[in-house]
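**Student:** Protein chains in written order, with our numbering: chain C, 432 to 540; chain G, 562 to 677.
C-beta: ideal position from N, C-alpha, C; glycine also.
On a predicted model such as this, the values are computed, not experimentally measured, just so you know.
Sharing a structure below in structure tokens format, with a few things to ask.
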């Protein structure tokens, strides 16, 4: 079983739609959790950290359920510019990031 | 404020050759991590350098080696290249332990390596 698992998609949604991505992780010792965004042929960029209390940044909401080892990302009012691959990332210890394969989102007009 | 830079941007090599990739961290950062991203996969951790030493290593063979210089820049060396080494090689920089904001890793644009 992979350490971080995501549905690869693609998720095809129209502009204005709400879309949710899910991710599960296998190592209960994981300490920190993130969503990164990666545009085609570009480097990953941090979208947001994920906390047990949940956190929101504009149209983006992230949730963490430690008991179920489950992380989610909700995007409301999708924009064309949201089209990208969304990477679920966990960290054990200080520095090592473990990435999922990513979920591709395609937002159409 | 310069972000993370990597060179070269693209590289073509043949099997058996050796390659050196370079990374300069974001200004003020002293820790460099290297990742390999194969097509359709998420980045995989290769190793991390801090204070000119390898601190952590992922599941990569000894053909992958690195170095960090006193100015915090870093090199990734891959010997005896295999076709399967074709990938995007990403460098990420961060602050060392105990310096705050240590969680956030900033990625460079990557070096795209093709092994023929």
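Drop a sphere of 10 angstroms on the beta-carbon of residue 590 (chain G), count the other beta-carbons inside from all chains shown, and report buried for 16 or more, exposed for fewer.
**Tutor:** Flag for residue 590 (chain G) reads buried.
**Student:** By the criterion of Cβ-Cβ separation under 9 angstroms, what are the contact partners of residue 533 (chain C) in chain G?
**Tutor:** Correct list: 601, 602, 603.
**Student:** Using a Cβ-Cβ cut-off of less than 8 angstroms, give me the residues of the segment 616-645 of chain G that come near chain C, in sequence order.
**Tutor:** Those would be 616, 617, 619, in chain order.
**Student:** Would you verify that the beta carbon of residue 473 (chain C) is, or is not, closer than 8 angstroms to some beta carbon of chain G?
**Tutor:** So yes, residue 473 (chain C) belongs to the interface.
**Student:** In its own chain, which residues sit with a C-beta less than 7 angstroms from the C-beta of residue 623 (chain G), not counting the 5 before and 5 after it?
**Tutor:** Cβ within range, chain order: n/a, list empty.
**Student:** What does the alpha-carbon distance come out to for the pair residue 490 (chain C) and residue 516 (chain C)?
**Tutor:** Distance between the alpha carbons of residue 490 (chain C) and residue 516 (chain C) is about 17 angstroms.
**Student:** Sort out for me which residues DSSP pairs residue 625 (chain G) with in a bridge.
**Tutor:** Paired residue(s): G:639.
**Student:** For residue 581 (chain G), which residues in the same chain have their Cβ closer than 6 angstroms to its Cβ, ignoring the five residues on either side in sequence?
**Tutor:** Taken in chain order, the residues that qualify are 636, 638.
**Student:** Give me the chain C residues within the contact set of residue 672 (chain G), using Cβ-Cβ distance strictly less than 7 angstroms, ordered along the chain.
**Tutor:** Within 7 angstroms Cβ-Cβ: nothing; residue 672 (chain G) doesn't reach chain C, min ~11 angstroms.
**Student:** So that I know if they touch, is there some Cβ in chain C lying closer than 8 angstroms to that of residue 666 (chain G)?
**Tutor:** Closer than 8 angstroms: yes.
**Student:** Can you give me the C-alpha to C-alpha distance between residue 586 (chain G) and residue 474 (chain C), rounded to a whole angstrom?
**Tutor:** Those two C-alpha atoms are separated by around 14 angstroms.
**Student:** By Cβ distance, which residues of its chain are closer than 7 angstroms to residue 643 (chain G), with the 5 residues on each side in sequence left out?
**Tutor:** Taken in chain order, the residues that qualify are 576, 676.
**Student:** Whole angstroms are fine: how far does the CA of residue 583 (chain G) sit from the CA of residue 631 (chain G)?
**Tutor:** Taking the straight line joining both Cα atoms gives about 14 angstroms.
**Student:** Under 8 angstroms between C-beta atoms, does residue 656 (chain G) make it to chain C?
**Tutor:** Output row for residue 656 (chain G): interface = no.
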